[in-house]
Amino acid sequence: DARVTQTPRHKVTEMGQEVTMRCQPILGHNTVFWYRQTMMQGLELLAYFRNRAPLDDSGMPKDRFSAEMPDATLATLKIQPSEPRDSAVYFCASGTNYQQYFGPGTRLTVL
Amino acid sequence: RKEVEQDPGPFNVPEGATVAFNCTYSNSASQSFFWYRQDCRKEPKLLMSVYSSGNEDGRFTAQLNRASQYISLLIRDSKLSDSATYLCVVKTGANNLFFGTGTRLTVIP
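Sequence lines, in order, name chains A and B. Mapping of the first sequence onto our numbering: residues 49 to 159, in sequence order. Mapping of the second sequence onto our numbering: residues 15 to 123, in sequence order.
Shown next as structure tokens:
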């Protein structure tokens with residue numbers, strides 16, 4: 049039963065610190081997405097990749113966020129420096145044209 | 015205006031009741047439509063796709079009205095296990111999925 053995995057599952061950090069979240073997509077999926085979910089905004093698309101190439105990162109604050117796919121088995125989302133307003137659940141999803149499969153999320157708290 | 019709008023609820027219904035959620039979308043060029051389910055502190059999971067002709071999966075019926083740009087989900091004979099947040103999802107373009115903020119359902123014994 050293939051699944052998207054994400055690490056860490058929980059992260060508490062202080063304002064100004066760097067945060068790196070990792071995602072292992074399902075093998076064979078050529079599209080990878082990063083989302084952020086908060087109570088107020090719901091699910092927001094931050095970035096997505098197709099065949100490891102970034103296609104759209106317009107939802108991401110460029111000054112502090114960066115997303116990469118160094119290889120087909122790893123996607124990373126980095127925040128530097130982190131701010132309290134970045135506190136949210138960050139989901140990675142991988143998919144096909146018809147369905148996205150979400151990972152369990154990283155719950156980030158920035159103090 | 016948001017791409018997808020949903021009534022956030024909460025909807026509190028007794029077991030066995032029928033409940034319906036609606037969702038509106040703003041982009042008339044949207045091509046595909048879905049309902050996802052998200053349990054508390056879990057990730058969203060695909061519940062069902064929504065087809066133009068309407069489709070049914072057991073107790074769940076999804077309908078699409080392109081003229082009015084809304085999607086609906088009907089749950090019949092509600093079970094306690096149906097308690098979750100239901101996310102309306104609209105696909106526009108190659109891979110642009112837009113999620114509604116979700117409608118929270120609680121089924122009460």
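Each residue gets a CB set at the ideal place from its N, CA and C atoms; glycine is no exception.
Local conformation of B/Arg51 per DSSP, three classes: strand
At least 3 beta-carbon pairs within less than 8 angstroms: the region 103 to 123 of chain B vs the region 74 to 92 of chain A: yes
Counted within 10 angstroms of its Cβ, other Cβ atoms place B/Lys105 as buried (16 or more) or exposed: buried
B/Ser67 - DSSP class collapsed to helix/strand/coil: coil
Whether A/Phe97 touches A/Ala141 by CB criterion (7 angstroms): no
Per-residue contacts from A/Gln147 into chain B (C-beta, under 7 angstroms): Leu60
8 angstroms CB neighbourhood of A/Leu122 in its chain, flanking five on each side removed: Arg70, Cys71, Gln72
Helix, strand or coil at A/Pro102 [DSSP, three-state]: strand
Cβ-heavy atom distance, A/Leu93 to the ligand COA, below 6 angstroms: Inclusion of the ligand COA in the displayed structure is not the case, the ligand content being empty and no account of it being possible.
Cβ distance (whole Å) where B/Tyr100 is taken to contact B/Phe48 below 8 angstroms: The pair is not a contact, with the Cβ atoms about 11 angstroms apart (cut-off 8 angstroms).
Inter-residue Cα distance where the pair is B/Ser86 and A/Glu62: 42 angstroms
B/Ser82 classed as buried or exposed, judged by whether at least 16 other C-beta atoms fall within 10 angstroms: exposed
Whether A/Gln54 touches B/Leu60 by CB criterion (7 angstroms): no
Neighbour-count burial assignment, B/Gln52, 16 or more Cβ in a 10 Å radius: buried
Amino acids of chain A, ordered along the chain, whose beta-carbon sits closer than 8 angstroms to that of B/Gly23: By Cβ distance, chain A contributes nothing, its closest Cβ being about 13 angstroms from B/Gly23, past 8 angstroms.
B/Val58 burial status per 10 Å Cβ neighbour count (16 or more: buried): According to the sequence displayed, residue 58 of chain B carries Pro and not Val. Buried, since its Cβ has 16 or more Cβ neighbours within 10 Å.
7 angstroms Cβ cutoff met for B/Thr75 and B/Leu88: yes
For B/Leu78 and B/Leu119, the rounded distance between their alpha carbons: 21 angstroms
Closest by C-alpha distance to A/Lys110, when choosing among A/Asn99, A/Pro118, A/Lys126, A/Phe139: A/Lys126
Other residues of its chain near A/Ser114: CB distance less than 7 angstroms, five sequence neighbours each side excluded: Lys126
Segments of 3+ residues assigned as beta strand (DSSP E) that fall wholly inside the region 53 to 82 of chain A: 53 to 55, 58 to 61, 67 to 72
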